[in-house]
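In UniProt numbering, the protein residues as written are 1 to 282.
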């Protein structure tokens, strides 16, 4: 027994309402015939060639990704264009593409930020930036660890429970700082730093943090910071979507999490400050 692509899309949009997306975002069905049957779905962070390979090898009728394939105006999808090539390959294989981006960031319970908070072991979570007062929908999450820890130990915990990446986890702040209240934002969450501070977070974990804001944040009262890769912060959502979709469609589709690591950073080299105790910049 299978579902139609239209039924799968309806199930996804019931969980990740398009109205929650930013106005500039591009979410929903990118390609595919809603009348076609679907029995396998693959979920991933990025719509890149290796993930398309995986979807086709799986025989998936739909690929669900967090990041959009197209964010700017598109006037054609020729097969000699890298993104157009992916569309052609998906169409030829009978595989649709669906995107849940900023609507998945804001979604309650099964969104990107709740998934990130859950894998870190946070409880009593609430949005850092709710869509309305008291709403469970919104950007970021803040919650409590079961037991207090230190910044250094929390960073090690994050590295252990998030996907392994070459970059790993970076932290800014006193390594021995007590940590109990934790704020998170999947993806590029630097704009929520003030919200994390207002929420009383001891540490704020997100990705794509920049030097100057991090440096300046440590000169004033506020949370310590943990910076992980964009991919690592959003990947915990992938198996959540797969499980929810399979359950919501009563097993008529088998949804699975992609096994492809799409973090773009492939090499990391460095030396520790212990190797240069004088702290020389050069």
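Cβ coordinates follow ideal geometry from the N, Cα and C atoms, glycine included.
Using the three-state DSSP reduction, which class does residue i fall into: helix, strand or coil?
i           : result
residue 74  : coil
residue 126 : strand
residue 13  : helix
residue 57  : helix
residue 275 : helix
residue 143 : strand
residue 288 : With the chain represented from 1 up to 282, any question about residue 288 goes unanswered, as that position is not in the structure.
residue 44  : strand
residue 84  : helix
residue 3   : strand
residue 175 : coil
residue 106 : helix
residue 151 : helix
residue 28  : strand
residue 193 : helix
Buried or exposed: residue i, going by 16 or more other Cβ atoms within 10 Å of its Cβ?
i           : result
residue 275 : exposed
residue 72  : exposed
residue 199 : buried
residue 248 : buried
residue 111 : buried
residue 234 : buried
residue 207 : buried
residue 149 : buried
Would you check if the distance between the CB atom of residue i and the CB atom of residue j is smaller than 7 Å?
i           : j           : result
residue 222 : residue 197 : yes
residue 260 : residue 57  : no
residue 155 : residue 171 : yes
residue 173 : residue 151 : yes
residue 69  : residue 47  : yes
residue 262 : residue 45  : yes
residue 132 : residue 95  : no
residue 27  : residue 75  : no
residue 41  : residue 62  : yes
residue 139 : residue 114 : no
If contacts are defined as beta-carbon pairs under 8 Å, then residue i and residue j qualify, I think. What distance do you get, rounded to the angstrom?
i           : j           : result
residue 224 : residue 242 : In fact, because the Cβ distance is near 33 Å, the residues do not count as touching under 8 Å.
residue 190 : residue 213 : 6 Å
residue 192 : residue 129 : 6 Å
Comparing the C-beta of residue i with each C-beta of chain C, is any distance below 7 Å?
i           : result
residue 182 : Given the protein chain composition of this structure (a single chain), no chain C is represented.
*Should the region 172-190 be regarded as contacting the region 141-149, the criterion being three or more beta carbon pairs within less than 8 Å?*
yes
*Taking one C-beta from the region 107-126 and one from the region 77-88 each time, how about it: are there three or more such pairs within less than 8 Å?*
no
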